[in-house]
Amino acid sequence: MPLRHSLLAVLVMVIWGTNFLAIDVGVDDMPPALFVAVRFVVVLIPAIFLVPRPAAPLKDVLLVGVFLSLGQFALMYTALWLDMPPGLASLVLQAQVVLTVLFASVALRERPTPPQLVGVLLGAVGLVIVGLGRSVATPGFAFLLTLAAAASWATGNVIVRRLGAATQLKGTGSSPLAGLSMTVWSGLVVPVPMLALAVALDSPAAVGHALTHPTWAVVLSTLYTAWLASLVGYGVWNTLLARYPASAVVPFTMLVPVVGMSAAWLVLDEVPNAAEAGGGLLLLLGVAITAGLLRWPGGPRYRSST
Numbered sequence: 009m010p011l012r013h014s015l016l017a018v019l020v021m022v023i024w025g026t027n028f029l030a031i032d033v034g035v036d037d038m039p040p041a042l043f044v045a046v047r048f049v050v051v052l053i054p055a056i057f058l059v060p061r062p063a064a065p066l067k068d069v070l071l072v073g074v075f076l077s078l079g080q081f082a083l084m085y086t087a088l089w090l091d092m093p094p095g096l097a098s099l100v101l102q103a104q105v106v107l108t109v110l111f112a113s114v115a116l117r118e119r120p121t122p123p124q125l126v127g128v129l130l131g132a133v134g135l136v137i138v139g140l141g142r143s144v145a146t147p148g149f150a151f152l153l154t155l156a157a158a159a160s161w162a163t164g165n166v167i168v169r170r171l172g173a174a175t176q177l178k179g180t181g182s183s184p185l186a187g188l189s190m191t192v193w194s195g196l197v198v199p200v201p202m203l204a205l206a207v208a209l210d211s212p213a214a215v216g217h218a219l220t221h222p223t224w225a226v227v228l229s230t231l232y233t234a235w236l237a238s239l240v241g242y243g244v245w246n247t248l249l250a251r252y253p254a255s256a257v258v259p260f261t262m263l264v265p266v267v268g269m270s271a272a273w274l275v276l277d278e279v280p281n282a283a284e285a286g287g288g289l290l291l292l293l294g295v296a297i298t299a300g301l302l303r304w305p306g307g308p309r310y311r312s313s314t
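Just so you know, we're using our numbering here: the sequence shown kicks off at 9 and counts up by one.
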């Protein structure tokens, strides 16, 4: 991959890694359910009028959105609102890789390779170490919500895999628009239930006040998460995946928790303890093996079909 495209991939990882900080800033001034609804309204308008609809039936597209968008971000925003450290959140969310393999083995009857089984085991052990050894500043419920967000993401991955949605976009085949199309159209399922939940939890008056009196933190966080993380990030990412083999592009995702934890350290002085650091490294090692980024001694390198 040319240097300029490698730098673009790194830029996307920087955007996605610092996205956790952006969310953390925003949820201080707006309830998480309402904040998720606002984010996806900004994602949808005007993109919904510019990006073609995926060829999959709309009900299946919305089912993807229930897990990839609604479930993942509702849980993640709530976890950060409950003081989940954003750097640690960027790490724990990577559990979606090993969870995707586990869920696919059950739902799609995809038999994991021996390296994947080793990776899943290492990732699970790493998660347990992080969970049990987390600092007192990390609420246990917030940690579990972050893990649930990873599980929701993994479930969405399995549904997308079943549908083959990334290659079913009308008239585009494997166009870079395919992944962005699913991202945008599946987001249709988010705003209404999240707004309804916000009204139920925070009262119509509180929701109305938050919408009519947004702080600069909320505005900037929304624009960052919706335009940069969702639209620009996925637009560049899917363009690279359309041009180059997944094995050349996917390894860059390992930079997300590195960027996320580094940014949290620089901005928030968030320093992981020994258990979080050690368990995190073990988790990332498991993710790398599961995703086929490391060669299995004496065997072929696993090639992901995504």
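Ideal Cβ placement from N, Cα and C applies to all residues, glycine included. All of these numbers come straight from a predicted model, not from anything done at the bench.
Three-state secondary structure assigned by DSSP to residue i
i: residue 289; result: helix
i: residue 53; result: coil
i: residue 261; result: helix
i: residue 162; result: helix
i: residue 63; result: coil
i: residue 33; result: helix
i: residue 143; result: coil
i: residue 276; result: helix
i: residue 174; result: Note on residue 174: pLDDT 40, under 50, position unreliable in the model; no value is reported.
i: residue 210; result: helix
i: residue 91; result: coil
i: residue 300; result: coil
i: residue 223; result: coil
i: residue 284; result: helix
i: residue 198; result: coil
i: residue 232; result: helix
i: residue 58; result: coil
i: residue 121; result: coil
i: residue 39; result: coil
i: residue 9; result: coil
i: residue 96; result: helix
i: residue 70; result: helix
i: residue 107; result: helix
Burial state of residue i, where buried means 16 or more other Cβ atoms lie within 10 Å
i: residue 314; result: Because residue 314 carries a pLDDT of 36, less than 50, the predicted location of this residue cannot be relied on, and no value is offered for it.
i: residue 268; result: buried
i: residue 143; result: exposed
i: residue 115; result: exposed
i: residue 136; result: exposed
i: residue 206; result: buried
i: residue 204; result: exposed
i: residue 348; result: The structure shown does not extend to residue 348, since the chain spans only 9 to 314, so no value can be given for it.
i: residue 216; result: exposed
i: residue 155; result: buried
i: residue 145; result: exposed
i: residue 277; result: exposed
i: residue 2; result: Any answer about residue 2 is impossible in this case: the structure gives the chain only from 9 up to 314.
i: residue 158; result: buried
i: residue 148; result: exposed
i: residue 11; result: exposed
i: residue 200; result: exposed
i: residue 57; result: exposed
i: residue 212; result: exposed
i: residue 140; result: exposed
i: residue 66; result: exposed
Chain-order list of residues whose beta-carbon lies under 6 Å from that of residue i (same chain, five-residue window excluded)
i: residue 51; result: 195, 234 and 238
i: residue 173; result: In this prediction, residue 173 has a pLDDT of 37, which is less than 50 and means its spatial position is unreliable; what the coordinates show is noted afterwards. Excluding residues within five positions, the ones whose Cβ falls inside 6 Å are 62, 64 and 190.
i: residue 81; result: 44
i: residue 99; result: 265 and 288
i: residue 28; result: 94, 97, 98 and 268
i: residue 301; result: 259
i: residue 16; result: 244
Spatial neighbours of residue i in its chain, beta-carbon cut-off 7 Å, leaving aside the 5 residues before and after
i: residue 133; result: 290
i: residue 30; result: 229, 232 and 233
i: residue 46; result: 230
i: residue 86; result: 40 and 153
i: residue 20; result: 241, 244 and 245
i: residue 112; result: 118, 166 and 169
Within 8 Å, strictly: CB atoms of residue i and residue j
i: residue 79; j: residue 189; result: no
i: residue 193; j: residue 62; result: yes
i: residue 152; j: residue 39; result: no
i: residue 69; j: residue 108; result: no
i: residue 263; j: residue 35; result: no
i: residue 102; j: residue 295; result: yes
i: residue 24; j: residue 241; result: yes
i: residue 26; j: residue 283; result: no
i: residue 22; j: residue 299; result: no
i: residue 33; j: residue 225; result: yes
i: residue 84; j: residue 150; result: no
i: residue 42; j: residue 218; result: yes
Inter-residue CB distance, residue i and residue j (contact presumed, cutoff 8 Å)
i: residue 198; j: residue 77; result: 5 Å
i: residue 37; j: residue 220; result: Going by Cβ atoms, the distance from residue 37 to residue 220 rounds to 13 Å, so no, they are not a contact pair.
i: residue 164; j: residue 75; result: 4 Å
i: residue 248; j: residue 13; result: 6 Å
Sequence-distant residues of its chain with Cβ nearer than 8 Å to residue i (five each side left out)
i: residue 129; result: 294
i: residue 279; result: 273
i: residue 168; result: 72, 76, 174 and 190
i: residue 307; result: Because residue 307 carries a pLDDT of 48, less than 50, the predicted location of this residue cannot be relied on, and no value is offered for it.
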